[in-house]
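Enquirer: If you read the sequences in order, they're chains A and B. Positions 1 to 418 (our numbering) are the ones given, in order, by the first sequence. Positions 1 to 260 (our numbering) are the ones given, in order, by the second sequence. What follows is a structure written as structure tokens; I'll ask about it next.
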Amino acid sequence: MSNWLNGAVARAESVSDWLAPKRQASLALLREAQWPTRKTEAWKYIPINVWDRTELQSDAVEVNAVAESIEGLNSIDLVFVNGELTSDLNDELPAGLSIVSLADASADAQSWAAETFASVKPSRHLFGLVNDVLATQGVLIDVAAEAVIEQPIRIVNVLTQDSEAHTRVLVRLGQNAKASVVEQFCGNQRSKNTGFAEYKVGESARLEHYRFALQTGESLSIGGSHFELATRAELNSTLVGFGSTLQRVDVDVTHAGEHAFAKLNAIYLLDGKELFDLHSTIEHAVPHGTTEENVRGIVADNSRAVFNGRIHIHRDAQKTLAELNNRNLLMSDRAEIDTKPELEIYADDVRCAHGATIAEIDKTALYYLQSRGVSRSQAQIMLNFGFINELVDEMPNDVLAEWLRPQLRDRFAAMEVK
Amino acid sequence: MLSIKNLHASVEEKNILKGLELEIKPGEVHAIMGPNGAGKSTLGYVLTGRDGYSVEQGSAELDGVDLLELEAEERARAGLFLAFQYPVEIPGVSNLEFLKASVDAVREARGEEALSSKDFLKMAREASKQVNLPADFLKRGVNEGFSGGEKKRNEILQMLLLKPKLCILDESDSGLDIDALQVVAEGVNSQRSPDRSFIVVTHYQRLLDYIKPDFVHVLADGKIVKSGDYSLAHELESQGYAWLKDQPADEAATNDVAEG
């Protein structure tokens, strides 16, 4: 058992708010839960013990952090510093959009949010349960039926030295609604956070989603983005992850209504001794669903990436189209990638494909660039960037793509082949 | 310009070049013809420094600089250019970004000032026009989804921008229709100058009708076995290479030295 988890359970007992019935249910599960060991499949490759071992100096927490806005994005920004919402929610919002703080929710918001809370996110995620019982801060975002919200909604989590934070995001899109949500995590100092988000995407609604898990250094971060798609709903999601002492993200999608479409792109770039673990499960519970999942990673130096992608096609989910692809570039012989794409199919009339590759940098392409005068190191950066840039190009929001590219370049510039 | 002496090279422990000799003076165009497997492409790869090609003996100098001691990128900066037989596709890296990086690197090595993005774009657009590639090809991934002819024209485009001293065209005519062939040939002819030389590797006389070479060499079994002027290309076109088998290689090499 874990001292940290025991402490978390003890702290949870004093949490009392409008979500109490939901929190109690999760707390009961958490009391029964086993702390993961190396034998726990979901935590096989990433040593969770570092979470338990890492002691935070609670009197040293720095709170004067700010989140930079993204130039040209014109987003509605919701900033959490060490788990405390610092943005003013009283600004006028576009018609059809409601955003309230979890800690200060109106009765209306409470009613839909209580129903959504812990209903989209599967209960198997241990740290999801932790977030259920400890996340007293968060936002509830409601997009009315038929509302088209052009301004992206950006939720930023900034973590500073020795902070611990648990934040929750609940999003509901009504019928035919359209919205874009950006979840961003930053900070490179010793800290612990869990950040979970649940999205209920209504009939024929369209959600553009980004999760930028850009914490680095000594930060420990575990979280997830979980989606439930109604009939003809569309999800276009891009995840970008940098590694740190411990980073884990779970992305789960449930096709709950027929003819829903999910496009999931994910990128991870690791260097030094960083870790990054991406687990994703796509549940095709009904017929005629489509999933396209493309995951690409570059792993340098001593770093380690884990990708576990599962597509589960239930017996009734006929006519499902599902593709899952994971490609990796290995930059050093000490770097490690553990990839496991899984297709579990119980329906007989489906079209599915999955694959995973781990390769070294393309020597022929490297030579081609060098033969034009480009230095070997610059050629490597260009090729790495190209490998990832194909997915960056697919991001629907060009401003975000332009914001991301220089950060990726900086990271590539620091990597080298060893 | 280029001086190759007694060059022996192998790939995967197989000897390919077996004592190749070649002297090229500034402004000259040399055609190299010969049967498959003779070492024509290997010569280009060895000179440009491709991994996996090892030189056992001999030397290759470009204007007195020992090429074989240099990294691939340093050879390019010294003025060597190979137009590939099979140009590489690099999805995700835009053609423009690639061209800018290479032109920047080569200009810097020559001590020339870096071009502004605007000036470069103007230059790249003009060069695209010259090789008859639509300007939107500059935005696409390097050679990504290009047809065979488009890839070859993209090679010529790079040559126009990099302005090398010595250009090696490795079967730049293979797989081209007559229009594309003319574009390639015109690209080369437009770059002919008293201080730039060419090696044109080809199977066919067709390209040489457009690019009139000063010398034609026959490369067989890793050596130049016969050299002559432009008329040799016609002779080869009508006779093929069967005669090589009847001619002792040593004697042929002696002829070469005498003529070269």
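Just so you know, even glycine gets a beta-carbon here, dropped at the ideal spot from N, CA and C.
Please confirm if residue 398 of chain A has its CB atom under 7 Å from at least one CB of chain B.
Expert: Position 398 of the first sequence, counted from the first residue, corresponds to residue 398 of chain A. By this cut-off, residue 398 of chain A is not an interface position.
Enquirer: Output, in sequence order along the chain, the residues in the region 70-83 of chain B whose CB is closer than 9 Å to any CB in chain A.
Expert: Residues 71, 72, 73, 74, 75, 76, 77, 80, 81 and 82.
Enquirer: What separation, rounded to the nearest whole angstrom, lies between the Cα atoms of residue 171 of chain B and residue 210 of chain B?
Expert: Position 171 of the second sequence, counted from the start, is the residue given in the question as residue 171 of chain B. Position 210 of the second sequence, counted from the start, is the residue given in the question as residue 210 of chain B. Each residue's alpha carbon lies about 14 Å from the other.
Enquirer: Return the CA-CA distance between residue 263 of chain B and residue 396 of chain A, expressed in angstroms with no decimal places.
Expert: Outside the modelled stretch of chain B, which goes from 1 to 260, sits residue 263 of chain B, for which no answer is possible.
Enquirer: Of all Cβ atoms in chain B, is any one closer than 7 Å to the Cβ of residue 382 of chain A?
Expert: Within the first sequence, numbered from 1, the residue matching residue 382 of chain A stands at position 382. Output row for residue 382 of chain A: interface = yes.
Enquirer: Would you kindly work out how many angstroms separate the C-alpha atoms of residue 79 of chain B and residue 109 of chain B, rounded to a whole number?
Expert: Sequence index remark: in the second sequence, residue 79 of chain B carries index 79 (1-based). Sequence index remark: in the second sequence, residue 109 of chain B carries index 109 (1-based). About 10 Å.
Enquirer: If you draw a straight line from the alpha carbon of residue 2 of chain A to that of residue 160 of chain A, how long is it in whole angstroms?
Expert: In the first sequence, the residue the question calls residue 2 of chain A occupies position 2. In the first sequence, the residue the question calls residue 160 of chain A occupies position 160. For residue 2 of chain A and residue 160 of chain A, the distance between alpha carbons rounds to 24 Å.
Enquirer: Out of B/192, B/149, B/58 and B/160, state which residue places its alpha-carbon closest to the alpha-carbon of residue 173 of chain B.
Expert: Residue 173 of chain B sits at position 173 when you count from the first residue of the second sequence. Closest by alpha carbon: B/149.
Enquirer: At a Cβ threshold of 7 Å, is residue 256 of chain B touching chain A?
Expert: If you number the second sequence from 1, residue 256 of chain B lands on position 256. Bear in mind that a pLDDT of 43 at residue 256 of chain B, under 50, signals an unreliable position, so the number given afterwards is only what the model happens to contain. Not closer than 7 Å to any Cβ of chain A, the Cβ of residue 256 of chain B fails to qualify, so no.
Enquirer: If we cut at 7 Å on Cβ distances, does residue 202 of chain B have a partner in chain A?
Expert: As a first step, residue 202 of chain B must be located in the second sequence, where it is residue number 202. Answer no: the Cβ-Cβ gap between residue 202 of chain B and chain A never drops below 7 Å.
Enquirer: Residues in the region 296-316 of chain A with C-beta within 8 Å of chain B's C-beta atoms, listed in sequence order?
Expert: Residues: none.
Enquirer: Roughly how far, in whole angstroms, is the beta-carbon of residue 21 of chain B from the beta-carbon of residue 215 of chain B, given that I think they are within contact range, below 8 Å?
Expert: Residue 21 of chain B sits at position 21 when you count from the first residue of the second sequence. Residue 215 of chain B sits at position 215 when you count from the first residue of the second sequence. Incorrect: roughly 13 Å between the Cβ atoms, too far for contact.
Enquirer: Spell out whether any CB of chain B is found under 7 Å from the CB atom of residue 389 of chain A.
Expert: Counting from 1 along the first sequence, the entry for residue 389 of chain A is found at position 389. At least one chain B Cβ lies under 7 Å of residue 389 of chain A.
Enquirer: Do the region 107-121 of chain A and the region 356-370 of chain A meet, that is, are 3 or more Cβ pairs less than 8 Å apart?
Expert: Touching, no.
Enquirer: According to DSSP, residue 166 of chain B sits in a beta bridge with which residue or residues?
Expert: The count along the second sequence starts at 1 and reaches residue 166 of chain B at position 166. Paired residues: B/80 and B/197.
Enquirer: In whole angstroms, give me the CA-to-CA distance for residue 158 of chain A and residue 347 of chain A.
Expert: On the first sequence, residue 158 of chain A is found 158 positions in, with the first residue counted as 1. On the first sequence, residue 347 of chain A is found 347 positions in, with the first residue counted as 1. Distance between the alpha carbons of residue 158 of chain A and residue 347 of chain A: 44 Å.
Enquirer: Thinking residue 155 of chain A and residue 403 of chain A are a contact (beta carbons under 8 Å), I'd like their distance in whole angstroms, please.
Expert: For the purposes of this step, residue 155 of chain A is identified with residue 155 of the first sequence, where counting begins at 1. For the purposes of this step, residue 403 of chain A is identified with residue 403 of the first sequence, where counting begins at 1. With a Cβ gap of about 16 Å, residue 155 of chain A and residue 403 of chain A do not count as contacting.
Enquirer: So with CB distances below 9 Å, who are the chain B contacts of residue 240 of chain A?
Expert: Numbered from its first residue, the first sequence carries residue 240 of chain A at position 240. Those do not exist, as residue 240 of chain A stays about 15 Å from chain B at its closest Cβ, beyond 9 Å.
Enquirer: Taking the C-alpha atoms as reference points, what is the distance between residue 232 of chain A and residue 341 of chain A?
Expert: As a working mapping, residue 232 of chain A is identified with position 232 in the first sequence. As a working mapping, residue 341 of chain A is identified with position 341 in the first sequence. Computed Cα separation, rounded: 26 Å.
Enquirer: Am I right that residue 30 of chain A and residue 129 of chain A are in contact with their C-beta atoms under 8 Å? What's the rounded C-beta distance?
Expert: Here residue 30 of chain A refers to the residue found at position 30 of the first sequence. Here residue 129 of chain A refers to the residue found at position 129 of the first sequence. The Cβ separation is near 5 Å, so the contact holds.
Enquirer: Tell me where the beta strand (DSSP E) around residue 176 of chain B begins and ends.
Expert: Start at 1 with the first residue of the second sequence, and residue 176 of chain B comes out as number 176. That residue, residue 176 of chain B, is in no beta strand (DSSP E); it is neither H nor E in DSSP.
Enquirer: DSSP state of residue 33 of chain B, grouped into three classes?
Expert: Walking along the second sequence from the start, residue 33 of chain B turns up at place 33. Residue state, collapsed to three classes: strand.
Enquirer: Specify, as a first and last residue, the run of the alpha helix (DSSP H) that residue 32 of chain A falls within.
Expert: Indexing the first sequence from 1 puts residue 32 of chain A at position 32. Per DSSP, residue 32 of chain A belongs to the alpha helix (DSSP H) from 20-32.
Enquirer: Using alpha carbons as the reference points, say which of A/131, A/393, A/40 and A/266 lies closest to residue 211 of chain A.
Expert: For this step, residue 211 of chain A is matched to residue 211 along the first sequence. Residue A/266 is the option with its Cα nearest to residue 211 of chain A.
Enquirer: For the region 48-100 of chain A, which segments carrying the beta strand (DSSP E) assignment without a break, of at least 3 residues, lie completely within its bounds, in sequence order?
Expert: Listed in chain order, they are 76-81.
Enquirer: To be precise: take each residue of the region 114-127 of chain B, compare its Cβ to all Cβ atoms of chain A, and keep it if any distance is under 7 Å. Which residues remain?
Expert: Cβ contacts with chain A come from no residue of the region 114-127 of chain B.
Enquirer: Taking the alpha-carbon positions, what's the residue 240 of chain A to residue 181 of chain A distance?
Expert: Along the first sequence, read from residue 1 onward, the residue named residue 240 of chain A stands at position 240. Along the first sequence, read from residue 1 onward, the residue named residue 181 of chain A stands at position 181. Each residue's alpha carbon lies about 14 Å from the other.
Enquirer: Looking at chain A, is there any beta carbon in it that lies within less than 7 Å of the beta carbon of residue 5 of chain B?
Expert: Looking up residue 5 of chain B in the second sequence gives position 5. Not closer than 7 Å to any Cβ of chain A, the Cβ of residue 5 of chain B fails to qualify, so no.
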